[in-house]
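Protein chains in written order, with the working numbering: chain A, -6 to 489; chain B, -6 to 489.
See below:
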């Protein structure tokens, strides 16, 4: 068959897969936001059916054969088609290495483990989930063998989330970052001793939601192509072209956490929206990695959202939603949303100590995977690492090793992408500031257009054209490294 | 193959069809309630794909063959299986008579006609939609020939909405109803001259929504298995088991219209919820006809919702949502929500004059289908019938022949089901009152359990076990007729 026939086959099948994927996304979004409780069992059956329809199409021999054939004729293709075929070949090869029995066993074990974790966590009961974690680790080790690797089994797992990344580079990078941040923390806290942050305050849920919507509109999240709703766990989802939905949650003790959660998810949505719509169903229209995705959410949540310029922009909006009754001094507000304080819970951590939580998890999962640490020893190793990096100890496993769902649902190699996102966000921002010298003024005045333009041109529009490392290199003329993030922290807190 | 093997095949395939149908319903619900505007084009593609997946399964030769084989061995089957096979055979035979080219042409023409109607209506421009209506009529005539009929082509169309119904019975029935109602209207209006209905009042949209929710809860619409949202056109939809969603709309001039719209859709949802869940995917778990469906919505909206007992029940709820500031006298409220006044627009008509709008449409579509009336003559025939039955004349076609979408999207034979619903609602209510002598007291005190129980036992739980006529006969020991409705109106307005 001719190249053009094969390409037509591929693009047609990708389009159908994209439609089904959109439907799947809607089923999940609705379940988290709108669905009444009694519908859960029926929804699970609908999702299972749709997943099997998707799987059938993704493993359609006509698609796989076309990809294999064209991959072998790669040099004959146009550049864009060549990239599409390269990425599809990558996906197909990975999928083909995993027998369906393994995939099914992993899914089943993960589901059982998740259920066990849900019930064990409130009971502070590590022993009851230990066997599940052991099974999931064994399955991850088997998966690494099936996928193959050069020297580190971990690479085979990391690759699922951060394609092309190698722990030989990511590991030392994050360890250096951890060390440098650890040294900065006491200096920051010393600096903070002189701060006079805004006193605790209250905003009703309605006011918080109004603020979130207003900020969304002002920063360019259009409600003509998006939604903002409330859920227990915030997320961003795109159930189809022109449809970018985000959610947030409310915490009584912290009335701005809903706003920062909104900014985080808006960052993810901006990335999805910025991907080339005409390539939506092909790798050219898809996000390149979790690390880059997270760079976009953290850029908006932390780097922009906690900047002095943004808080000046925010002040009149706070005044507007509170009918003038709440109009805090931007500097006092800045000091409030930038408190750095080592703590126990990753998801509540400030932007400086956050990466230390990640380094701890990366060290531990590497040790577990390489059999240098047993699951039984994990809780005490956890406490040891928390003492070392953060100087805190969880009173019980609930807020210690059981705090995150990731391992207990089988995800090993995922955590590093959070810190890679943070590194990349700092690198992108530093570069952006060089190229857009008036960026802070723009933010202060609520003009986010140059920022969106820069992100679209430099990051979003490329889809999976370049690997994440290559993308960073092209944007920032530098290999991914921790320096920009360290400079960002130093500058922010006025350290030497 | 053995009967049990064939039955297993059938039930398995029906289950998959049900899951896909649920997904389709969710795509539509989301589109009407939640979806951002820019997502429309993508959603259309997703729906088209899902429709084609559904069509493939519904016309799966393995399913059709199993149905045909078992239909021929019907006497060997258990009663329930026999009914399932009988109804599936009915559906399959109808579907097989329509070549896919015809179905596609009809769908295409209907879509074009709908678009033309949308733009023609505000412009009062009948001429521009005339050719579309002519094409759709020709397609309906062709469809009647393809389906087949004994004496009346109309029967082949009516049967799609009200299985087994014949215009030779429905026609005279609705004409008698029209004549009798026409005679009652002057008497009612004379009676109303002495009424002192509640003066116009206002309720904010938020208060209206709160009232709707409160009433829903009190009448047994559980939000654990349902939702209430706002849309331009209200509807009820069940996107899966345990999931019954309704919508309402708000009209500034009539602050209770949102409540009556909610009651209407809740009636539909109660029917869906009352169908046997264990048979959800088979005809035994599906509604029997549009007429019976409408009987349930009209029972709640009009027969119950506009009764003195219900308005007494409503008074404290109105007081509650208005923080005590609005607590109208129930009789004055009754007089307000029961004004009978011939008018131009079907969907705004009161419950007495409503059926006259239907009779007009039935007469006209019969004449059109049988070539006794040309489409060109339709506007003047419309005006003539409105003068005859209602004594009103539309100032322009916008509020005349162009007011309803039905014909312009190809639906001929649909309108009678609205009045059949009304007849059935009155018959069911009369029977219910005989069997439940304290029914009014129950409604007054907010105890809707006996009512739900009666409806479930007598109507809902049977699914498609009986035809609508047979169902009415079993419930009410009588053929469907207009007498109960006439008695209901006479009693309500204290006529002789």
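We put the beta carbon where it would ideally sit given N, CA and C, even for glycine.
Please read these numbers as outputs of a predicted model, since none were measured by experiment.
- Taking 8 Å as the CB threshold, residue 339 of chain A stays off the interface with chain B.
- Contact between residue 3 of chain A and residue 56 of chain A holds, with the beta-carbon distance rounding to 6 Å and staying under 8 Å.
- At least 8 Å separates the beta-carbon of residue 335 of chain B from that of residue 301 of chain B.
- For the region 218 to 252 of chain B, the beta-carbon criterion of a distance under 7 Å to any beta-carbon of chain A is satisfied by 218, 219, 220, 233, 234, 235, 236.
- Between residue 23 of chain A and chain B, the shortest Cβ-Cβ separation is below 8 Å.
- Around the beta carbon of residue -6 of chain A, a 10 Å sphere encloses fewer than 16 other beta carbons of the protein chains shown; the residue is thus reported as exposed.
- A buried status is given to residue 11 of chain A, since no fewer than 16 other beta-carbon atoms sit within 10 Å of its beta-carbon.
- In the three-state reduction of the DSSP assignment, residue 242 of chain A falls in the coil class, being assigned neither a helical nor a strand state.
- For residue 220 of chain B, there is no enclosing alpha helix (DSSP H); the enclosing beta strand (DSSP E) has its first and last residue at 219 to 223.
- Not one beta carbon of chain A lies nearer than 8 Å to the beta carbon of residue 279 of chain B.
- Secondary structure at residue 187 of chain A: coil, using DSSP grouped into helix, strand and coil.
- DSSP, read as helix, strand or coil, puts residue 232 of chain B in strand.
- Of all residues in the region 308 to 329 of chain A, none has a C-beta nearer than 9 Å to a C-beta of chain B.
- Residue 203 of chain B has a beta carbon lying at 8 Å or more from every beta carbon in chain A.
- DSSP, reduced to helix, strand and coil, places residue 237 of chain A within a strand of the structure shown.
- Taking 8 Å as the threshold, the shortest C-beta distance from residue 9 of chain B to chain A falls below it.
- Contact annotation: residue 288 of chain B and residue 421 of chain B have beta-carbon atoms nearer than 8 Å.
- Within chain B, not a single residue places a beta-carbon under 8 Å from that of residue 381 of chain A; the smallest gap is close to 47 Å.
- Closest option to residue 95 of chain B, judged by alpha-carbon separation, among B:260, B:138, B:477: B:138.
- Within chain A, the residues placing a beta-carbon under 7 Å from that of residue 216 of chain B are 29, ordered along the chain.
- Of B:489, B:253, B:413, B:368, the smallest CA-CA separation from residue 349 of chain B is found for B:413.
- Chain order gives no chain A residues near residue 272 of chain B, where near means a beta carbon separation below 7 Å; the closest approach is about 14 Å.
- Residue 247 of chain A carries a strand assignment under DSSP once its states are collapsed to helix, strand and coil.
- A Cβ-Cβ distance of about 6 Å is found for the pair residue 475 of chain B and residue 166 of chain B, placing them in contact under the 8 Å criterion.
- A Cβ of chain A is located within less than 8 Å of the beta carbon of residue 15 of chain B.
- Inclusion of residue 163 of chain B and residue 151 of chain B in the CB contact set at 8 Å is warranted, their separation being smaller than that value.
- Look at residue 12 of chain A: its C-beta is under 8 Å from a C-beta on chain B.
- Looking only at B:197, B:73, B:272, B:77, the smallest Cα-Cα distance to residue 61 of chain B is reached by B:77.
- Within 10 angstroms of the beta-carbon of residue 161 of chain B lie fewer than 16 other beta-carbons, which makes it exposed.
- When DSSP states are grouped into helix, strand and coil, residue 401 of chain A belongs to the helix group.
- Its chain contains 160 as the residues whose beta carbon lies nearer than 6 Å to that of residue 145 of chain B, once the 5 sequence neighbours on both sides are disregarded; these appear in chain order.
- Within the model, the alpha-carbon separation for residue 280 of chain B versus residue 264 of chain B is close to 8 Å.
- Distance from the CA atom of residue 454 of chain B to the CA atom of residue 267 of chain B, rounded to whole angstroms, is 6 Å.
- Looking from the CA of residue 259 of chain B, the closest CA among B:155, B:445, B:101 belongs to B:445.
- Distance from the CA of residue 326 of chain B to the CA of residue 193 of chain B, rounded to the nearest whole angstrom, comes to 10 Å.
- By the rule that beta-carbons nearer than 8 Å mark a contact, residue 334 of chain A does not touch chain B.
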